[in-house]
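Single-structure report; data block below.
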Amino acid sequence: MEEEHTVIEWEKEAKLNNPILVVGLPGIGNVGKLVAEHLKNEFEGEKLATLYSNHFPHKVIMLKNGGIRLASNRFYFIKSRKKGGNDIVVLTGDDQAVTPEGQYEVNDKIVSFFKDKLKGKFIYTIGGYTTGEAITGTPRVFGNATSKQVIGTFKGSTVIFGQSKGMIWGSAGLIIAFAKHKKLDGVCLMGETNFVDLDAAAAKSVLIALADRLGLTIDTKNLDKIIEKTAQTIKEIEQQMTASFPAQQGAPGSPQEQHPTYIR
65 MEEEHTVIEW
75 EKEAKLNNPI
85 LVVGLPGIGN
95 VGKLVAEHLK
105 NEFEGEKLAT
115 LYSNHFPHKV
125 IMLKNGGIRL
135 ASNRFYFIKS
145 RKKGGNDIVV
155 LTGDDQAVTP
165 EGQYEVNDKI
175 VSFFKDKLKG
185 KFIYTIGGYT
195 TGEAITGTPR
205 VFGNATSKQV
215 IGTFKGSTVI
225 FGQSKGMIWG
235 SAGLIIAFAK
245 HKKLDGVCLM
255 GETNFVDLDA
265 AAAKSVLIAL
275 ADRLGLTIDT
285 KNLDKIIEKT
295 AQTIKEIEQQ
305 MTASFPAQQG
315 APGSPQEQHP
325 TYIR
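For what it's worth, the numbering used here labels the leading residue of the sequence shown as 65, then goes sequentially.
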């Protein structure tokens with residue numbers, strides 16, 4: 065019998081009521097991971113299962129106590145505080161698969177586990193989306209869904225459909241595609257981001273839209289702290305760049321180019 069490359073090991077048995085899956089893994093701006101970790105921490109999610117795969121990078125995670133663990137993706141569950149409400153399963157983790165074959169295998173496994181083992185029917189994936197334009201206000205939230213019916217349920221929300229173009233790479237896209245193939249509903253919510261490693265502003269926009277959708281009250285103070293720290297870091301970088309270039313016409317540091325748009 066061929067050995068499985070991707071396995072999901074149960075951590076705790078839990079009886080879930082019509083669960084909804086929220087997937088936030090490392091990616092553009094780490095928007096998805098920030099949203100998923102925030103949900104898990106604020107609502108004290110309990111670990112449900114752990115996914116291991118040899119399609120993840122060949123590394124181990126060093127722990128604060130001096131130990132180690134394998135890179136993994138982890139499922140957490142949050143019981144609804146409303147009678148008869150949907151329980152939430154949050155999937156986050158250290159990495160995504162590093163090959164196309166691995167991406168297909170791992171993400172297919174995730175959707176099958178949610179459908180067959182958890183009996184869920186709706187999936188949200190979270191990611192970042194770069195428009196190539198400078199973001200001057202609150203980052204927008206773009207959406208792509210499995211059907212017109214799903215899109216229709218977002219009428220009146222802040223989520224923008226039909227304006228995002230191109231491709232959705234990795235788990236954020238493939239999980240929704242596999243959901244559609246397996247007759248599940250789903251939507252990918254993408255926060256507008258530039259090339260920032262940790263875009264808490266984009267994550268906050270998505271988190272607010274998701275909370276409104278799920279009927280949750282969210283405290284965003286932790287994300288606000290990251291936003292302030294990121295803004296300060298960018299400001300310091302810009303000041304360093306201004307001091308490093310001569311004040312010549314059109315050059316960084318000149319009156320015509322005080323704020324380099326590419327760093328934003």
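For glycine and all other residues, C-beta sits at the position ideal for the given N, C-alpha and C. Just so you know, these numbers come straight off a predicted model, no measurement behind them.
* Asked: Going by beta carbon distance, what residues of the same chain come within less than 8 Å of V71, once the five residues before and after it are set aside?
  -> Excluding its 5 nearest sequence neighbours in each direction, V71 has C-beta neighbours in its own chain below 8 Å: L115, Y116 and S117, listed in chain order.
* **Boundaries (first-last residue) of the alpha helix (DSSP H) holding I215** => Note, I215: alpha helix (DSSP H), K212 to G216.
* **Helix, strand or coil at K111 according to DSSP, with G and I counted as helix** => If DSSP states are grouped into helix, strand and coil, K111 belongs with the strands.
* Asked: Sorted by chain position, which residues of the same chain lie with C-beta nearer than 7 Å to H323's C-beta, five sequence neighbours on each side aside?
  -> With a pLDDT of only 41 at H323, under 50, the local geometry of the prediction cannot be trusted, and no value is derived from it.
* To do: Enumerate in chain order the residues of its own chain whose CB-to-CB distance from Q167 is below 8 Å, with the five nearest sequence positions on each side excluded.
  => H119, Q160, A161, G234, S235 and L238, listed in sequence order.
* Asked: In terms of residues, what are the limits of the alpha helix (DSSP H) holding G255?
  -> Going by DSSP, G255 is part of no alpha helix (DSSP H) but of the beta strand (DSSP E) stretching over D249 to E256.
* To do: Give every residue of the same chain whose Cβ lies closer than 6 Å to the Cβ of K147, excluding the five residues on either side of it in the sequence, and list them in chain order.
  => Correct list: empty, nothing qualifies.
* **Sequence-distant residues of the same chain with beta carbon closer than 7 Å to D283, five excluded per side** => Hits under 7 Å: E106.
* Are T202 and S269 touching if we call contact CB-CB under 8 Å? -> With respect to the 8 Å criterion, T202 and S269 are classified as neighbours on the basis of their beta carbons.
* Please check the pair T195 and E256, which I expect to be a contact at CB under 8 Å, by giving their CB distance rounded to whole angstroms. => At roughly 6 Å, the Cβ-Cβ gap stays under 8 Å, so T195 and E256 are in contact.
* To do: Would you tell me roughly how many angstroms separate the C-alpha atoms of T189 and G130, rounded to the nearest one?
  => Take the alpha-carbon of T189 and the one of G130: they are about 33 Å apart.
* **Straight-line Cα distance separating N137 from A264** => Taking the straight line joining both Cα atoms gives about 21 Å.
* For L134, which beta-bridge partners are listed by DSSP? -> Paired residues: V124.
* To do: Under 8 Å by Cβ, that's how I've got D249 and S221 pegged, so tell me the actual separation to the nearest angstrom.
  => Not quite, the Cβ-Cβ distance comes to about 16 Å (not below 8 Å), so this is no contact.
* Asked: Which of helix, strand or coil does DSSP assign to L262?
  -> Coil.
* Contact under 8 Å by Cβ, A100 with V154 -> Result yes, Cβ atoms of A100 and V154 sit closer than 8 Å.
* Asked: According to DSSP, is G96 helix, strand or coil?
  -> DSSP places G96 within a helical segment (H, G or I) once states are collapsed to three.
* **Residue of L262, A273 and L271 minimising C-alpha distance to T294** => Of the candidates L262, A273 and L271, the residue whose Cα lies closest to the Cα of T294 is L262.
* With burial defined as no fewer than 16 other Cβ atoms inside 10 Å of the residue's Cβ, what is the status of G279: buried or exposed? -> G279 should be labelled exposed.
* Nearest-angstrom beta carbon gap, I240 and I187 [assumed within contact, 8 Å] -> The pair is a contact, with the Cβ atoms about 7 Å apart (cut-off 8 Å).
* Starting from the C-beta of Y326, find all residues in its chain whose C-beta is less than 6 Å away, skip the five residues before and the five after it, and write them out in chain order. => Because the pLDDT at Y326 is just 30, under 50, the model does not fix this residue reliably, and the value given afterwards should be weighed accordingly. Here the set comprises nothing.
* Go ahead and label M231 buried or exposed: buried means 16 or more other beta carbons lie within 10 angstroms of its beta carbon, across all protein chains shown. => Exposed, by the Cβ-count rule.
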